[in-house]
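What follows is one structure encoded as structure tokens, with my remarks underneath.
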């Protein structure tokens, strides 16, 4: 984990160092150019002055800047040298020239006059040293300011991050049940979006926890009734006076176990399709074939209730989805229509393609649901007394349509309730369809 404060200070010092290096380099270059021009001018003026005077005045050489004067005759014989024993250039090139002598580079200016050659020379390192001194004088104040700037940045960053530290302390001091929004008062513009996102997350978590608590409470309430019934049926079985009464009690107990099992299975299916639960693997599926296989499980219920279950599936209707979830969708639609209608109910399931949508619709000729109550029908554990032996008498749990809505929404589709042409309820589920040529995930 990195520290913003240390990162900013390190970045500032790095920028400061680069600026100092750039300033020093620029200063050195400019100073070197200026000293070159100045000393070249002096070299030339000294040589021309000696040429015009015709004699060598005392102190012609400048000891401060290491100027050296040499004069040769026309045949190359040395006539004068301001430093007789110094390692100085031994040849002259008319005009300006850089000459190597004595392990260093000399800058020279030579002029010919009256059968003589006059040369004024200066070591180049004098110029480079003066340029380096100028660059160092420019950089030194920045280097001296670096610690002060580091402390100033440390304080400024600490002051700027104080609201974030306050938010951190507030979050750290909360318990697991505290999901109230964090205060955004006094936060910098750059930090406010982070706190806003955290508050949105806390709001979603609060809603999810509320939903979970309500779900657990409702589930506990719904399970209490079948478990109590099972307990009573066991007591009746124990008290059965004869074989006929015992057989009747066993049948009632088995039916109660079936109802409790179905309720638990529906609760698990609903939990798997809750928002935020783990997303199952999806693959291309033939919706008609999947629905046909799922409805095989509902055939037994249709026979037991003397009802008719029909399937009209258009071939080649394909979707990308979770096979278990879509099978539960089809099964719950058929079971709802069969259980909430009277014996002899006709249930028709249709799978078709409409444009870029796969449509699964279920029609029945049962009592249906009034339009005013259809919005509530998708709520968990919502029941409505059905006519002619439906609803709880048939073992309804009030979870079927809630499961349908959860599965459809997780597949990016929509579900609607309407009046069926058969006279009962029509449930229409629309899912994104795959092109017929898509065969692989």
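In the UniProt record's numbering, the protein residues as written are 1 to 441. All C-beta atoms, glycine included, are put in the ideal place defined by N, C-alpha and C.
**Item:** Three-way DSSP call (helix, strand, coil) for residue 211 in this model
**Value:** helix
**Prompt:** chain D beta carbons: is any one of them nearer than 8 angstroms to that of residue 343?
**Reply:** Note that chain D does not occur in the displayed structure, where there is just one protein chain.
**Message:** Tell me which residue opens and which closes the alpha helix (DSSP H) that residue 372 is part of.
**Reply:** That residue, residue 372, is in no alpha helix (DSSP H); it is neither H nor E in DSSP.
**Prompt:** For residue 39, is the classification buried or exposed, using 16 other Cβ atoms within 10 angstroms of its Cβ as the cut-off for buried?
**Reply:** buried
**Prompt:** Quick check: the segment 21–29 against the segment 134–153, are there 3 or more CB pairs under 8 angstroms?
**Reply:** yes
**Residue range of the unbroken alpha helix (DSSP H) whose run includes residue 321** = Here residue 321 belongs to no alpha helix (DSSP H); instead the beta strand (DSSP E) covers 318–321.
**Rounded C-alpha distance that separates residue 336 from residue 170** = 49 angstroms
**Request:** Give the secondary structure of residue 390 by DSSP, where H, G and I count as helix, E and B as strand, and everything else as coil.
**Result:** For residue 390, the predicted model reports a pLDDT of 41, less than 50, meaning its position is unreliable; a value from the coordinates is still stated below. Coil, per DSSP.
**Message:** Once the 5 residues before and after residue 252 are set aside, which same chain residues still bring their CB inside 8 angstroms of it?
**Reply:** 233 and 236
**Message:** Which residue marks the beginning of the beta strand (DSSP E) containing residue 284, and which one marks its end?
**Reply:** 283–286
**Own chain residues within Cβ distance below 6 angstroms of residue 386, not counting five before or after** = Low confidence applies here, because residue 386 scores a pLDDT of 37, under 50, leaving its location unreliable and the question unanswered by this model.
**Prompt:** If you drop the 5 nearest sequence neighbours on each side, which residues of the same chain put their C-beta closer than 6 angstroms to that of residue 393?
**Reply:** Note that residue 393 has pLDDT 42, beneath the 50 cutoff, so the model's placement of it is unreliable and the number below is only indicative. Answer for residue 393: no residue qualifies.
**Message:** On the criterion of 16 or more Cβ atoms from any shown chain inside 10 Å, does residue 439 qualify as buried, or is it exposed?
**Reply:** At residue 439, the pLDDT of 49 sits below 50, so the modelled position is not reliable; the number obtained from the coordinates is stated separately. The residue is exposed, with fewer than 16 neighbouring Cβ atoms inside 10 Å.
**Prompt:** Does DSSP put residue 248 in a helix, a strand or coil?
**Reply:** helix
**residue 257, DSSP secondary structure in three states** = helix
**Item:** the segment 300–314 touching the segment 410–423, judged by at least three CB pairs closer than 8 angstroms
**Value:** no
**Request:** Check whether the segment 176–192 touches the segment 200–213, counting contact only when three or more Cβ pairs, one atom from each stretch, lie closer than 8 angstroms.
**Result:** yes
**Segments assigned beta strand (DSSP E), at least 3 residues, entirely inside the segment 98–184** = 104–113 and 116–123
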